[in-house]
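Chains as they are written, first to last, in the numbering used here: chain A, 4 to 453; chain B, 4 to 453.
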């Protein structure tokens with residue numbers, strides 16, 4: 004029988020006009036248009052299975068991100084589908100080891116996120132072929148195979164392969180019981196929906212109370228634009244949810260180090276649970292200084308942390324209390340495995356960043372694997388939840404009583420509906436074409452059409 | 004009189020087939036095709052002046068880099084040429100502050116290098132309009148204006164605006180004498196030409212001896228592929244140049260932390276002056292550990308360091324002895340000003356990375372400004388020199404007796420000859436079109452043409 008090959012690597016620029024509402028606004032990102040630089044791997048296996056994944060962006064530049072994914076095509080096209088699915092790490096290494104492309108990072112920014120998209124598409128395909136969701140594929144895997152999926156380059160001073168294997172072996176103890184528990188109860192979530200900067204106080208209070216009624220035990224507020232506003236909003240939210248519900252605050256990198264310490268301490272009376280992204284994601288020593296300055300408020304970061312090397316240092320420098328992985332910022336599942344292992348070794352809880360387009364769908368797989376077969380706990384761990392754009396995905400998240408249910412469909416839950424792709428392909432999808440026609444008509448009615 | 008506007012932002016993918024020779028090879032980059040994602044700003048001023056600049060890449064992905072520059076167009080098109088030239092920092096801030104594009108970094112990788120190219124093109128235009136080379140424009144500027152060109156966000160914990168102004172004021176003392184000295188003697192250089200990994204020992208020894216005869220007091224060898232080879236090559240080079248000439252070694256990020264310490268110490272008897280890029284450019288704490296482990300050998304890095312925030316931490320952590328700025332990796336002249344000021348404050352010498360395409364042409368301006376009007380010294384400071392591709396530039400470097408002469412032509416020396424651009428535009432320039440035709444012919448002769 005002929006070996007099945009990867010025959011197509013389709014790259015699609017998909018955008019949603021989210022900036023037209025005020026949801027998603029924060030101190031650094033006033034008008035995001037949630038977007039996905041989307042990739043589809045097709046094979047000639049004849050089984051109809053495809054690998055889907057994407058990089059999440061917030062609008063302009065999604066075309067640049069798509070161009071970066073396209074630049075990786077030649078590394079995957081023509082490869083044996085079975086071989087890449089048996090060892091997605093080989094794809095990560097091939098992409099990350101392209102010396103000419105590496106110059107554009109290395110291991111950071113547009114090129115690295117592109118690598119993550121292709122690697123995640125391989126995991127989606129691998130899990131579909133295996134008939135299991137990614138979290139289950141990971142949880143069932145042998146410790147040695149999982150360790151081989153990790154690139155230990157530049158992190159061996161903090162985590163060796165031997166240490167990783169030992170952590171993963173230990174994670175096998177009681178995994179079956181935890182899997183059963185996960186399938187029954189799900190994984191804890193927190194919600195950011197109440198706290199966008201664009202909301203009125205009335206809407207904030209209403210959504211905060213609703214979140215508690217819906218079973219969430221943690222919510223998050225965006226802060227950092229105006230201190231008096233933040234104090235007022237945090238006080239209102241605290242009054243709405245009571246003392247037993249955790250309220251995290253998120254500055255989205257708005258501050259310098261000293262400002263982060265002062266601002267957070269000015270909010271401390273209102274008992275924020277963590278302060279997120281107090282300053283630049285690049286500032287490891289800055290985060291360590293902020294953490295010393297704001298304790299007992301916890302410091303959280305990670306959604307913009309570029310790779311395992313930076314996370315390693317955040318842990319080595321004792322700069323964070325909460326590590327926030329992101330499903331599409333780093334080099335895919337393989338690099339997130341490295342980061343989960345680092346966090347497990349250093350005993351720092353992982354609370355993933357999500358929201359955007361499809362981030363909730365993807366990242367739950369990683370936390371669920373971590374619970375079932377690595378750290379074995381959900382204590383002080385929550386996955387971010389935002390109720391946006393899930394309707395575009397074939398295997399959308401379900402959150403019940405403040406918990407993400409475990410996905411059971413094969414794959415990485417990263418596949419959008421074909422109709423959503425067709426409508427939101429930019430700029431020629433049916434939604435955008437109609438939108439352009441509307442804008443053109445409005446211009447003509449104003450008599451200013453050029 | 005009408006205000007002159009920026010009317011065009013041309014973006015061009017330019018590539019040179021340097022991988023066909025072995026020059027430029029190192030332990031991480033075996034086959035670079037030196038390339039430039041090139042930008043030209045045109046105005047309707049009628050003075051014929053254009054702003055030229057580029058991001059240096061090593062081949063594949065130069066199209067991605069060009070797409071990123073194109074994504075910035077709308078921030079510059081239509082702006083007053085006079086306004087942007089009077090305040091290039093306003094361009095840096097506008098580009099760096101685009102929240103949707105910022106998501107693709109922030110301040111790192113493809114998008115940040117694209118910002119650097121556009122910012123540098125503004126400096127080229129500004130200096131041409133002012134009739135002065137960029138180094139002289141900077142050296143003549145008022146301290147307050149220069150400080151306003153710096154974005155202190157995320158570095159204020161290490162350097163305040165007030166400290167910057169004070170350093171720049173102090174730099175004015177004796178500037179006229181230093182400028183005269185610079186115009187007579189130039190600025191010290193070192194050469195990497197002898198030490199590429201692809202060279203035979205015979206060629207290495209011959210070029211090392213030639214470098215000394217040419218007046219260089221420092222050379223550099225690529226290392227990191229094979230320890231026995233490195234020892235043999237370093238010994239041969241040391242024998243060729245004698246004990247009085249400094250030999251730096253460059254591992255191009257090849258090692259983990261422990262390996263960097265061991266390997267460097269295995270070379271220590273042969274007295275390497277600095278070890279460059281011993282590990283990942285992202286590993287601040289790793290560099291600090293390497294520095295502690297290899298002293299008195301100096302640790303140098305910077306060509307891949309993504310921004311001022313990372314340089315700040317390398318200095319705060321006492322992780323480097325030598326800071327290597329790069330003209331096209333960070334956010335242009337404005338961010339390099341921040342980095343020069345940080346280095347001046349921490350008393351760490353700056354020895355720029357150069358080579359590639361046009362990096363020598365650009366970066367000399369920054370070191371010469373630093374000498375004339377900031378640190379006031381060339382002690383332990385050298386600019387890298389590689390004899391590649393200078394013939395494509397209108398204002399190429401001249402190195403005499405191991406020193407870069409000061410450029411006197413107006414601008415940033417960043418403009419290529421029109422003929423070079425026309426020939427090396429990829430894939431449709433005359434060189435590449437002929438090359439493709441040759442390849443096609445060769446295929447047909449083999450009878451394998453598809």
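Cβ coordinates follow ideal geometry from the N, Cα and C atoms, glycine included.
Chain-order list of residues whose beta-carbon lies under 7 angstroms from that of residue i (same chain, five-residue window excluded)
i	result
residue 217 (chain A)	405
residue 170 (chain B)	344, 347, 348 and 377
residue 221 (chain B)	193, 248, 249, 251, 276 and 385
residue 61 (chain A)	32, 35, 36, 37 and 38
residue 297 (chain A)	264, 267, 268 and 278
Residue i versus residue j - alpha carbon distance
i	j	result
residue 230 (chain A)	residue 251 (chain A)	16 angstroms
residue 345 (chain A)	residue 354 (chain A)	14 angstroms
residue 22 (chain A)	residue 403 (chain A)	28 angstroms
residue 295 (chain B)	residue 320 (chain B)	11 angstroms
residue 342 (chain B)	residue 347 (chain A)	36 angstroms
residue 188 (chain A)	residue 374 (chain A)	12 angstroms
residue 1 (chain B)	residue 43 (chain B)	Not covered by the structure: residue 1 (chain B). The range shown for chain B is 4 to 453.
residue 160 (chain B)	residue 261 (chain A)	7 angstroms
residue 356 (chain A)	residue 12 (chain A)	28 angstroms
residue 214 (chain B)	residue 184 (chain B)	23 angstroms
residue 53 (chain B)	residue 45 (chain B)	5 angstroms
residue 258 (chain B)	residue 299 (chain B)	19 angstroms
residue 434 (chain B)	residue 426 (chain B)	5 angstroms
residue 153 (chain A)	residue 439 (chain A)	45 angstroms
residue 63 (chain B)	residue 268 (chain A)	48 angstroms
residue 179 (chain B)	residue 410 (chain B)	16 angstroms
residue 120 (chain B)	residue 237 (chain B)	37 angstroms
residue 7 (chain A)	residue 141 (chain A)	23 angstroms
residue 191 (chain A)	residue 280 (chain A)	21 angstroms
residue 274 (chain B)	residue 88 (chain A)	48 angstroms
Minimum C-alpha distance to residue i - residue among the options
i	options	result
residue 76 (chain A)	A:59, A:89, A:65 and A:95	A:95
residue 193 (chain A)	A:340, A:429, A:139 and A:389	A:389
residue 233 (chain A)	A:261, A:219, A:260 and A:272	A:272
residue 151 (chain A)	A:213, A:138, A:137 and A:166	A:166
residue 113 (chain B)	B:98, B:67 and B:140	B:67
residue 127 (chain B)	B:225, B:364, B:181 and B:235	B:364
residue 58 (chain B)	B:50, B:48 and B:41	B:41
residue 86 (chain B)	B:132, B:190 and B:158	B:132
residue 325 (chain B)	B:335, B:351, B:293 and B:337	B:351
residue 283 (chain A)	B:312, B:243, B:362 and B:423	B:312
residue 168 (chain A)	A:186, A:145 and A:10	A:145
residue 336 (chain B)	B:149, B:423 and B:48	B:149
residue 323 (chain A)	A:305, A:339, A:334 and A:338	A:305
residue 49 (chain A)	A:28, A:84, A:17 and A:79	A:84
8 angstroms Cβ shell around residue i - same chain, five flanking residues per side excluded
i	result
residue 111 (chain B)	309 and 310
residue 162 (chain A)	155, 315, 341, 344, 345 and 348
residue 135 (chain B)	143 and 413
Cβ-based neighbour list, residue i, same chain, cut-off 6 angstroms, excluding 5 preceding and 5 following
i	result
residue 418 (chain A)	55 and 397
residue 1 (chain A)	As shown, chain A starts at 4 and ends at 453. That puts residue 1 (chain A) outside it, with no answer to give.
residue 338 (chain A)	311
Check: residue i C-beta below 7 angstroms from any heavy atom of the ligand SAM
i	result
residue 155 (chain A)	As presented, the structure is devoid of all ligands, the ligand SAM included, so that no description of it is given.
- Of the residues that make up the stretch 302-313 of chain B, which ones have a beta carbon closer than 9 angstroms to any beta carbon in chain A? Residues 307, 309, 310, 312 and 313.
- Short-range partners of chain B found in the stretch 99-119 of chain A, where Cβ spacing is below 9 angstroms: Identification of residues in the stretch 99-119 of chain A having a C-beta nearer than 9 angstroms to some C-beta of chain B yields 101, 102, 103, 104, 105, 106, 107, 108, 109, 110, 111, 112, 113, 114, 115, 116 and 117, given in sequence order.
- Task: Mind checking the stretch 272-298 of chain B against chain A and listing, in chain order, the residues whose C-beta falls within less than 9 angstroms of any C-beta there?
- Result: Legend: CB atoms of the stretch 272-298 of chain B lying less than 9 angstroms from CB atoms of chain A belong to residues 282, 283, 284, 285, 286, 287, 288, 289 and 292.
- Taking three-plus beta-carbon pairs below 8 angstroms as touching, is the stretch 276-295 of chain A in contact with the stretch 305-316 of chain B? yes
- Message: Would the stretch 428-440 of chain B count as touching the stretch 364-384 of chain B if we require 3 or more Cβ pairs under 8 angstroms?
- Response: no
- Check whether the stretch 330-341 of chain B touches the stretch 358-375 of chain B, taking contact to mean three or more Cβ pairs, one atom from each stretch, closer than 8 angstroms. yes
- Just by C-beta distance, which residues in the stretch 218-232 of chain B are closer than 7 angstroms to chain A? none
- Item | Cβ-based contacts, 7 angstroms cut-off: residues of the stretch 42-73 of chain A near chain B | The residues in question are 60, 61, 62, 63, 64, 66, 67, 68, 70 and 71.
- Task: Would you check if there are 3 or more beta carbon pairs closer than 8 angstroms linking the stretch 194-205 of chain A to the stretch 170-179 of chain A?
- Result: no
- Residues of the stretch 352-375 of chain B whose Cβ lies closer than 7 angstroms to any Cβ of chain A, in chain order: none
- Query: According to a CB-to-CB cut-off of less than 8 angstroms, which residues of the stretch 255-273 of chain B neighbour chain A?
  - Reply: 256, 259, 260 and 261
- Proximal residues, the stretch 153-172 of chain A versus chain B, C-beta separation under 7 angstroms: 156, 157, 159 and 160
- Residues from the stretch 9-41 of chain A in contact with chain B, defined by Cβ distance under 8 angstroms: Result list: 31, 32, 33, 34, 35 and 36.
- Message: Against chain A, which members of the stretch 317-342 of chain B pass a CB distance test of less than 8 angstroms?
- Response: 319 and 320
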